[in-house]
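J.: This is the structure I want to talk about, given as structure tokens.
Dropping the structure here:
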């Protein structure tokens, strides 16, 4: 009787196992020729052939490629440059499947939760796709729905990737120094976190609570609707707005509003690093939307960072060193925050850092205020974000040469700072991210505050 009672669960487990086996087989068929060549010639894969393989393998490997491109902590420059081209080409999931997921997750028919939902997705990526909808009470919302079997695919793919990477590290010393298996482990945890929409809802609430308690009224995040959300469905207030670097900001009044919005966003984010439970760790220009009333909305809290006190102290020291142009202090902070199994010689690290830090601003980007073409402004923004990646890569390469590996939260933090630095170049040229004007406007050096208590902008 027990076996019969458990039949549905056993059938589901069997289906998952078969899907996993089929996925491993597909990955092996596509990837084994490249792995065999690398083992035979004892060389790492060429950047282009690895990117093309990742794109052909879909969801997880595309995210892995984008992780390499956007968080280049330990990879050689050719891989960083090549994976800038790694595109998320995952197809849209038919709305019939999306509707079944919504109804299954919410234990209700769609019409019992929404008066209308657009079958055409607003956006679609590897993990989820987003649909516009209207609640029964008339509120405009967006519904983020996880694609089928994403978590299973991630687990299968990254466990397989871990084993392959371990094998490659054993036979190629240069890859061993890059600690690819450690990166895959971090990415695995990060992607599984992104699959937990309950956590993302909590991140939204925590940020809004932080803003309320900090008297920040110019920056906010959309509120989740708990009655229409679950682990795989997240319903949020719909936020209308335009990117801070949109080419539609043309008038002088627009430009002034954009500059104010950027400063408000930057100051709120800097303060959230120390005073909020988590900080937003993916602030590319599409995730900051300027409202008509001048407020800025932070969206997409699937990727967040958390700083340990030790890392936070090192961040403060690193900032102080950069502001004071004290390379020795920067080097010391890098050693303090980094994880290494070998002795680091600070004098040699200082010499390398001088070359990198002195070259960060050698190629100024033309500001948006100087740009007459909207298309040109958009292209400059893309180049500015890519340049932030290149700057981060340069700093990380110095660390790698000296056997230093940074915690992922530190790398995420640094990348957001480089984003803001480039936005300042575009929108407020002449303003220094590390200057007194910015530092005095935030509580960056105040240190972590007490634990945040629930505020009045919570799940509802």
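Numbering (this note's numbering), first residue to last: 6 to 465. Heads up, the beta-carbon is just placed ideally off N, CA and C, and yes, glycines get one too.
#1: What is the DSSP secondary structure of residue 459, reduced to helix, strand or coil?
#2: List the DSSP bridge partners of residue 229.
#3: Do you know offhand how far residue 101's Cα is from residue 147's?
#4: Start and end of the alpha helix (DSSP H) containing residue 202?
#5: Taking all protein chains shown into account, decide if residue 52 is buried (16 or more other Cβ within 10 angstroms of its Cβ) or exposed.
#6: Can you tell me the Cα-Cα spacing of residue 138 and residue 130, whole angstroms?
#7: Considering only the beta carbon of each residue, do residue 106 and residue 237 sit closer than 8 Å?
#8: When the distance is taken between beta carbons, is residue 249 closer than 8 Å to residue 295?
#9: Tell me which same chain residues have a C-beta within less than 6 Å of the C-beta of residue 278, skipping the five on either side of it?
#10: Restricting to Cα atoms, I'd like to know which of 86, 326, 63, 39 is closest to residue 162.
#11: What distance in whole Å lies between the Cβ atoms of residue 310 and residue 417, which are believed to be in contact at a cut-off of 8 Å?
#12: Is the closest heavy atom of the ligand GTP to the C-beta of residue 237 under 7 Å?
#13: If you run the structure through DSSP and keep just helix, strand and coil, what is residue 139?
#14: What residues are listed by DSSP as bridge partners for residue 295?
#15: Which residue comes first and which comes last in the beta strand (DSSP E) that contains residue 119?
#16: Helix or strand or just coil, what does DSSP make of residue 222?
#17: Pair every Cβ in the stretch 286–304 with every Cβ in the stretch 262–271, then say whether three or more of these pairs are closer than 8 Å.
#18: Rounded to whole angstroms, how far is the Cβ of residue 110 from the Cβ of residue 211, which I believe are closer than 8 Å?
#19: Rounded to whole angstroms, what is the Cα-Cα separation between residue 189 and residue 413?
#20: So, residue 424 versus residue 289, is the Cβ gap smaller than 8 Å?
#21: Exposed or buried, residue 253, counting other C-beta atoms within 10 Å across all chains shown (16 or more means buried)?
#22: Which residue marks the beginning of the alpha helix (DSSP H) containing residue 51, and which one marks its end?
#23: So, at 6 Å on beta carbons, what are the nonlocal neighbours of residue 262 in its own chain, with the 5 sequence-adjacent residues on each side left out?
#24: If you count every other CB in all the chains shown that lies within 10 Å of the CB of residue 307, and 16 or more means buried, which is it?
T.: On the basis of the coordinates in this document:
#1: A caution first: residue 459 carries a pLDDT of 33, below 50, which makes its placement in the model too unreliable to give a value.
#2: 241
#3: 17 Å
#4: 202–218
#5: buried
#6: 18 Å
#7: yes
#8: yes
#9: 284
#10: 63
#11: 4 Å
#12: With respect to the ligand GTP, the structure offers nothing, as it holds no ligand at all.
#13: strand
#14: 247, 301
#15: 119–122
#16: coil
#17: yes
#18: Not really, about 23 Å apart at Cβ, beyond 8 Å.
#19: 12 Å
#20: yes
#21: exposed
#22: Where residue 51 is concerned, there is no enclosing alpha helix (DSSP H), given that its DSSP letter is neither H nor E.
#23: 299
#24: buried
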